[in-house]
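Taking the numbering used here, the leading residue of the sequence shown gets 584, the next gets one more, and so forth.
Virtual Cβ for every residue (Gly too), placed ideally from N, Cα, C.
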Amino acid sequence: MFTQLALASLLAAAPLARATPDVTVKVLPSEDCSSYPGYDAASNTAGPWTVKLVNSDNTAIEGFSDTSVYSISYNPNTDTKPSLRWGSITFPTRNDIAKNPLKCEGGVLKGWVPTDLTAAGAPTNYQWTPLVLSIYPYDAALMWKIDGDAPQIFEHYIGDVKQDGVFLGSYNTSTSWGLKWYPANVGSSGQDYYYARLLGPNSADPVSGEPLAANETTAFIQINA
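Written as structure tokens, this is what we have:
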């Protein structure tokens, strides 16, 4: 038990080496996919690609690409099998596992994600599914199978110098994300993961008022193209 707790503490505590830099953000048009990398005008699509963590406080996960976690709904009294309630885009603690590609289609950001579960509870019925931000500003994860707000894409500038890449965010101003480690569960395919939530207006903890949770670090999410 001590070994497990010690390992969890090491994974949860970020090795801090630098702070996420102060940047000026410029929101890009998102009525179609033309502002996304790899845009194809004929089909009004861009991608697929993954997204990755950059300028992370936690250098152990710098450059890591996206995975996903899903929530399971099952009532043995009424359900013949479990179902996938909702899912969220997350980031792994090791970068050599399968990723979830994303793309833009008709101006909508979508993920190649499971939308159902087998009778044994395994993820199935993968589809290109719209991704939205949770409506709760203190828990604005990038999710599917919920109602929410469309994410936006941005350019970053330091002074007058444009930085490489396109970044995910919202609220016309926010591109910083909070990353918090969680242990493996049934919906994470047996992998520990980092839950990602967008930081912005009213994203502080509604009870404590703290801008970040314990052991939560920050990063930008860049389209990996």
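Judged by DSSP secondary structure, L714 falls outside any beta strand (DSSP E); it is assigned neither H nor E. Inside the stretch 740-786, DSSP marks whole beta strand (DSSP E) runs of 3 or more residues at positions 750-752, 759-765, 776-781, from first to last along the chain. Distance from Y776 to T673 at the Cβ level is roughly 4 Å; contact confirmed, criterion being Cβ atoms closer than 8 Å.
Taking C-beta atoms as the reference points, A723 and L716 count as a pair closer than 7 Å. By the criterion of a C-beta distance shorter than 6 Å, S786 is surrounded in its chain by P720, Y721, once the five residues flanking it on both sides are discounted. Linking L667 to S651 through their CA atoms gives a straight-line distance of about 13 Å. Secondary structure of A802 (DSSP, three-state): strand. As computed with DSSP, C687 is found in a beta bridge with A629, L692. The beta carbons of W695 and L714 sit no closer together than 7 Å. Between K745 and L700, the beta carbon gap of about 43 Å keeps them out of contact (Cβ cut-off 8 Å). The closest CA to that of W764, considering only A624, K693, W669, P675, is found on P675. Counting the other Cβ atoms within 10 Å of the Cβ of N658 gives fewer than 16, which makes it exposed. Excluding the 5 residues flanking it on each side, P612 has same chain C-beta neighbours closer than 8 Å at S618, in chain order.
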